[in-house]
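Enquirer: Quick one: this structure, given as structure tokens, is what I'll be asking you about.
Numbering (the numbering used here), first residue to last: 22 to 768.
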């Protein structure tokens with residue numbers, strides 16, 4: 022059995038343990054000690070075992086008592102369920118009988134509503150009339166109150182009908198028709214509201230309460246809309262004409278009003294008024310600013326904050342303006358109109374005169390406003406402007422030159438500036454036109470201003486070439502008939518002076534309109550223009566000197582002739598004529614006048630020396646040589662005096678020129694022929710451009726040198742050193758000697 026098995030196991034274990042303890046003989050002495058220790062251990066194990074069995078028994082007892090209680094509870098519940106079941110079976114019949122009561126309740130509520138509505142139903146025509154009167158008298162709030170009552174009656178009736186029988190459209194239509202006039206009233210009232218909304222910016226100043234009433238009516242309608250939509254979600258029913266969406270309509274009306282307001286500001290067309298666009302834009306600016314100021318200060322207070330009325334209006338104005346500006350940009354605009362438009366769009370719109378007005382901030386932030394027209398359109402307009410401007414400038418310059426040319430043939434002198442220098446209006450007209458266009462371009466931006474400046478200077482360049490050609494033609498025409506035009510000299514002076522004015526104007530234009538860093542891009546065209554102007558002035562001056570020398574020709578032809586030697590006063594006449602011309606030339610501006618004086622002086626001396634080299638006289642004896650030479654020296658002095666006077670104040674040292682005449686006179690005057698070679702070689706060393714034919718001619722005029730002598734002198738001269746004055750400008754090289762007579766002389 023189980024117990025025996027356990028006993029056996031225990032004994033076996035005990036034996037093993039005792040064997041373990043008694044392995045050595047000395048351990049037998051401790052047997053008693055071992056026995057006591059084992060007895061203690063056993064007693065302790067038994068005590069623990071007892072305690073465990075005790076607690077086990079207590080647990081079993083508690084469990085049994087709880088099971089007993091639970092059994093009793095289950096029996097109680099079973100009994101209760103039987104009772105409930107019995108009660109429920111009995112009450113089914115009672116619930117069946119209550120259906121009639123329920124129907125009665127529904128009917129009662131419908132009848133109650135009908136009775137409630139009867140008063141309204143019978144008085145509908147009456148209320149419609151009253152509401153109509155109120156609308157006509159402008160008492161909109163009261164009218165709306167009555168309209169709401171009417172709509173409420175109709176809607177409730179319809180709702181009851183819908184709940185009883187949603188398929189019965191006949192009865193629905195009956196109610197709808199009965200309340201038909203009410204729909205017209207609603208439309209009539211709406212019409213009144215929209216009229217107030219359209220005029221809101223005026224109304225808000227005169228009668229703000231009227232506007233407030235309108236907003237209150239719209240708010241009430243919005244509330245009813247919301248309620249009806251909510252009920253539709255739950256029941257599926259919504260009365261006819263709902264939702265009315267009057268708030269949305271109001272904003273649509275405002276938007277249309279704003280558009281019309283902006284479109285309606287164009288009073289004129291180009292045909293009726295050249296300034297139509299400027300005027301149109303100015304009216305828009307004024308209207309928009311006024312409207313927005315009113316909207317901010319007054320209108321804002323008449324609307325609930327959630328309408329955000331100011332920002333909505335601001336947006337509408339911005340959109341309407343953008344639309345209008347795009348329409349204008351698409352029209353066929355002239356150059357000045359393009360500028361007006363761009364200047365308004367890019368500058369005026371965001372300036373303090375409009376959206377940047379301090380009274381509109383902080384609500385309006387110009388930096389966050391979108392551009393009115395796209396960059397693409399701006400670029401198209403600018404390029405159209407530049408091409409129109411280019412052809413305009415070409416046309417204006419051509420016309421200016423044509424007009425100026427008409428002046429050149431007048432019989433009255435040109436006008437003079439405050440310093441007495443002759444001038445024509447051409448430079449002033451040209452640069453005034455440039456200035457105007459640059460100021461206009463500057464209204465738009467720096468970039469355009471620079472482009473226009475470059476265009477002006479570029480056109481100026483080709484214009485100056487035409488100016489040069491016209492001055493040349495003017496001279497050629499005059500040479501065909503020197504009596505005509507009468508004031509040729511004065512107008513040629515004006516042309517020369519204009520060159521100086523043009524130079525100064527180009528510099529001042531660049532200084533005023535060109536950024537320093539752009540200087541380089543223009544320097545070459547500027548240099549080119551200066552060069553053309555110098556050529557025009559130089560050609561002008563030389564053509565004026567040609568005039569002088571054409572008048573001097575008969576007197577120059579008298580020099581170094583028998584008549585001259587006999588005492589003619591050709592040089593006196595020459596000096597008077599030159600001085601007379603130089604009275605006019607005094608009206609030439611400084612830099613050109615200075616070169617004129619030097620050139621005249623030089624040409625007089627050249628012509629005088631040419632007269633000597635023409636060999637028109639050959640002195641017969643020492644007496645004649647002395648007389649001729651002294652006359653030459655005296656005449657050189659006359660020239661020196663004249664040109665000193667003409668160059669007064671200019672600090673020009675041209676005395677050396679007359680010295681040449683005196684040096685030649687000394688060669689002629691010489692009485693001792695053996696010194697002739699020395700005298701001639703001195704002359705040659707001073708003026709190394711003297712050629713052999715000049716010396717031959719000079720000796721011929723002297724009249725006493727044989728052919729051999731001439732040849733010897735000339736051949737020996739070739740070896741001589743030269744010591745010209747460093748300032749000496751060769752003068753002989755432009756003087757030719759008639760060759761026909763040379764072979765005769767050298768035979």
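Cβ coordinates follow ideal geometry from the N, Cα and C atoms, glycine included.
Taking 8 Å as the threshold (C-beta atoms), are residue 745 and residue 698 in contact?
Expert: Position 677 of the chain shown, counted from the start, is the residue given in the question as residue 698. Position 724 of the chain shown, counted from the start, is the residue given in the question as residue 745. Their beta carbons are not under 8 Å apart, which means residue 698 does not touch residue 745 by this criterion.
Enquirer: Leaving aside the five residues before and after residue 515 along the sequence, list all residues of the same chain whose C-beta is less than 6 Å from its C-beta, in chain order.
Expert: By one-based count along the chain shown, residue 515 stands at place 494. Residues 435, 443, 444 and 445 of the same chain have their beta carbon placed closer than 6 Å to that of residue 515, with the five preceding and five following residues left out of the count.
Enquirer: Tell me whether residue 111 is buried or exposed, calling it buried when 16 or more other Cβ atoms sit within 10 Å of its Cβ.
Expert: The sequence position of residue 111 within the chain shown is 90, counting from 1. Using a 10 angstroms sphere on the CB of residue 111, the tally of other CB atoms stays under 16, which defines it as exposed.
Enquirer: Measure how close the beta-carbons of residue 654 and residue 628 come, nearest whole angstrom, since I'm counting them as under 8 Å.
Expert: In the chain shown, the residue the question calls residue 654 occupies position 633. In the chain shown, the residue the question calls residue 628 occupies position 607. About 17 Å separates the two Cβ atoms, so there is no contact after all.
Enquirer: Indicate whether residue 711 and residue 650 have their beta-carbon atoms separated by less than 8 Å.
Expert: Start at 1 with the first residue of the chain shown, and residue 711 comes out as number 690. Start at 1 with the first residue of the chain shown, and residue 650 comes out as number 629. No.
Enquirer: From 559, 459, 233 and 381, pick the residue whose C-alpha is nearest to that of residue 410; which is it?
Expert: The residue given as residue 410 occupies position 389 in the chain shown. It is 459 whose Cα lies nearest to the Cα of residue 410.
Enquirer: Between residue 235 and the rest of its own chain, which residues show a CB-CB distance below 6 Å, the 5 nearest in sequence each way excluded?
Expert: Within the chain shown, the letter at position 214 stands for residue 235. Around residue 235: 214 and 217.
Enquirer: Between which residues of its own chain and residue 733 is the CB-CB distance below 8 Å, once the five residues before and five after are set aside?
Expert: Here residue 733 is taken as the residue at index 712 of the chain shown, counted from 1. For residue 733, where only same-chain residues beyond five positions count, the Cβ hits under 8 Å are 698.
Enquirer: Just checking residue 48 against the ligand FAD - is the residue's beta carbon closer than 7 Å to any of the ligand's heavy atoms?
Expert: Ligands displayed in this structure: none; no statement on the ligand FAD is therefore possible.
Enquirer: Determine whether the beta carbon atoms of residue 568 and residue 510 lie at a separation below 8 Å.
Expert: Working through the chain shown from its first residue, we reach residue 568 at position 547. Working through the chain shown from its first residue, we reach residue 510 at position 489. Yes, they are a contact pair.
Enquirer: Does the beta-carbon of residue 364 have 16 or more other beta-carbons within 10 angstroms, so that it is buried, or is it exposed?
Expert: As a first step, residue 364 is located in the chain shown; it is residue number 343 there, counting from the start. With 16 or more Cβ atoms within 10 Å of its Cβ, residue 364 is classed as buried.
Enquirer: Could you compute how far the alpha carbon of residue 679 sits from the alpha carbon of residue 623?
Expert: Taking the chain shown and counting its residues from 1, one reaches residue 679 at position 658. Taking the chain shown and counting its residues from 1, one reaches residue 623 at position 602. Between residue 679 and residue 623, the C-alpha separation is close to 9 Å.
Enquirer: Measure the C-alpha to C-alpha separation of residue 760 and residue 631 and round it to an integer number of angstroms.
Expert: In the chain shown, the residue the question calls residue 760 occupies position 739. In the chain shown, the residue the question calls residue 631 occupies position 610. Spanning the two alpha carbons is a distance of roughly 13 Å.
Enquirer: Taking the straight line between their C-alpha atoms, what separation do you get for residue 479 and residue 293?
Expert: Locating residue 479 in the chain shown gives position 458, counting from the first residue. Locating residue 293 in the chain shown gives position 272, counting from the first residue. The straight-line gap from Cα to Cα measures roughly 35 Å.
Enquirer: For residue 585, is the classification buried or exposed, using 16 other Cβ atoms within 10 angstroms of its Cβ as the cut-off for buried?
Expert: Counted from its first residue, the chain shown places residue 585 at position 564. Classification of residue 585: buried, given that the 10 Å Cβ count is 16 or more.
Enquirer: Beta-carbon within less than 6 Å of residue 714's beta-carbon, same chain only, minus the 5 sequence neighbours each way: which residues are those?
Expert: Taking the first residue of the chain shown as position 1, residue 714 is located at position 693. Answer for residue 714: 758, listed in chain order.
Enquirer: The alpha helix (DSSP H) that contains residue 272, what's its start and end?
Expert: For this step, residue 272 is matched to residue 251 along the chain shown. From DSSP, the alpha helix (DSSP H) with residue 272 extends over 267-284.
Enquirer: Using only CA atoms, which one of 372, 401 and 335 lies nearest to residue 353?
Expert: Counted from its first residue, the chain shown places residue 353 at position 332. When each option's Cα is compared against that of residue 353, the closest is 401.
Enquirer: Here's the rule: buried if 16 or more other CB atoms are within 10 angstroms of the residue's CB, otherwise exposed. What is residue 109?
Expert: Mapped onto the chain shown, residue 109 falls at position 88. The residue in question, residue 109, is exposed, as its Cβ has fewer than 16 Cβ neighbours within 10 Å.
Enquirer: Which residues bound the alpha helix (DSSP H) around residue 646?
Expert: Taking the chain shown and counting its residues from 1, the one referred to as residue 646 is at position 625. Per DSSP, the continuous alpha helix (DSSP H) segment holding residue 646 begins and ends at 643-667.
Enquirer: Name, in chain order, the residues that DSSP records as bridge partners for residue 512.
Expert: Locating residue 512 in the chain shown gives position 491, where the first residue counts as 1. Residue 512 pairs with nothing; no bridge assigned.
Enquirer: Would residue 334 pass as a contact of residue 316 if the rule is Cβ separation under 8 Å?
Expert: As a first step, residue 334 must be located in the chain shown, where it is residue number 313. As a first step, residue 316 must be located in the chain shown, where it is residue number 295. Going by C-beta atoms, residue 334 is nearer than 8 Å to residue 316.
Enquirer: Within the same chain, show all residues whose beta-carbon is closer than 8 Å to that of residue 305, passing over the 5 residues directly before and after it, in chain order.
Expert: Reading the chain shown from its first residue, position 284 is the one you call residue 305. Cβ within range, chain order: 283, 286, 342 and 345.
Enquirer: Pop quiz: residue 407 and residue 481 are said to be a contact at Cβ under 8 Å. What is the actual Cβ separation, rounded to whole angstroms?
Expert: Start at 1 with the first residue of the chain shown, and residue 407 comes out as number 386. Start at 1 with the first residue of the chain shown, and residue 481 comes out as number 460. The Cβ separation is near 16 Å, so there is no contact.
Enquirer: Taking DSSP as the reference, what is the three-state secondary structure of residue 443?
Expert: If you number the chain shown from 1, residue 443 lands on position 422. In this structure, residue 443 counts as strand in the three-state DSSP scheme.
Enquirer: Would you decide whether residue 602 is buried or exposed? Buried here means 16 or more other CB atoms lie within 10 Å of its CB.
Expert: Start at 1 with the first residue of the chain shown, and residue 602 comes out as number 581. Residue 602 counts as buried, since at least 16 other C-beta atoms from the protein chains shown sit within 10 angstroms of its C-beta.
Enquirer: Using only alpha-carbon positions, find the residue among 580, 491 and 448 that is nearest to residue 520.
Expert: The residue labelled residue 520 in the question sits at position 499 within the chain shown. For the residues 580, 491 and 448, the minimum Cα distance to residue 520 belongs to 448.
Enquirer: For residue 182, collect the residues of the same chain with a Cβ closer than 8 Å to its Cβ; drop the 5 residues on either side in sequence, then sort them by chain order.
Expert: Here residue 182 refers to the residue found at position 161 when the chain shown is read from its first residue. Excluding sequence positions up to five before and after residue 182, its CB lies within less than 8 Å of the CB of 189, 192, 193 and 196, all in the same chain and listed in chain order.
Enquirer: May I ask which residues mark the beginning and end of the alpha helix (DSSP H) holding residue 636?
Expert: Along the chain shown, read from residue 1 onward, the residue named residue 636 stands at position 615. No alpha helix (DSSP H) contains residue 636, which DSSP labels as neither H nor E.
Enquirer: By the three-class DSSP mapping on this structure, what secondary structure does residue 91 have?
Expert: Here residue 91 refers to the residue found at position 70 when the chain shown is read from its first residue. DSSP places residue 91 in helix when its eight states are reduced to three.
Enquirer: In the DSSP assignment, find the alpha helix (DSSP H) that holds residue 749 and state where it starts and stops.
Expert: Counted from its first residue, the chain shown places residue 749 at position 728. Neither: residue 749 is in no alpha helix (DSSP H) and is coded neither H nor E.
Enquirer: CA-CA distance, residue 22 and residue 33?
Expert: Residue mapping note: residue 22 aligns to position 1 of the chain shown, counting from 1. Residue mapping note: residue 33 aligns to position 12 of the chain shown, counting from 1. Cα-Cα distance, rounded: 17 Å.
Enquirer: According to the neighbour-count rule (16 or more other Cβ atoms, all chains shown, within 10 Å of its Cβ), is residue 165 buried or exposed?
Expert: Walking along the chain shown from the start, residue 165 turns up at place 144. Answer is buried; the Cβ neighbour count reaches 16.
Enquirer: What are the start and end residues of each continuous alpha helix (DSSP H) run of 4 or more residues lying completely inside the stretch 138-198, in chain order?
Expert: 161-185
Enquirer: In or out: residue 593 buried (at least 16 other Cβ within 10 Å) or exposed?
Expert: One-based indexing of the chain shown puts residue 593 at position 572. Exposed, because fewer than 16 other Cβ atoms sit within 10 Å of the Cβ of residue 593.
Enquirer: So, for residue 324: in the same chain, excluding its five sequence neighbours on each side, which residues have a beta-carbon less than 6 Å away from its beta-carbon?
Expert: Here the question's residue 324 lines up with position 303 in the chain shown. Within the same chain, residue 324 has close Cβ partners 236 and 330.
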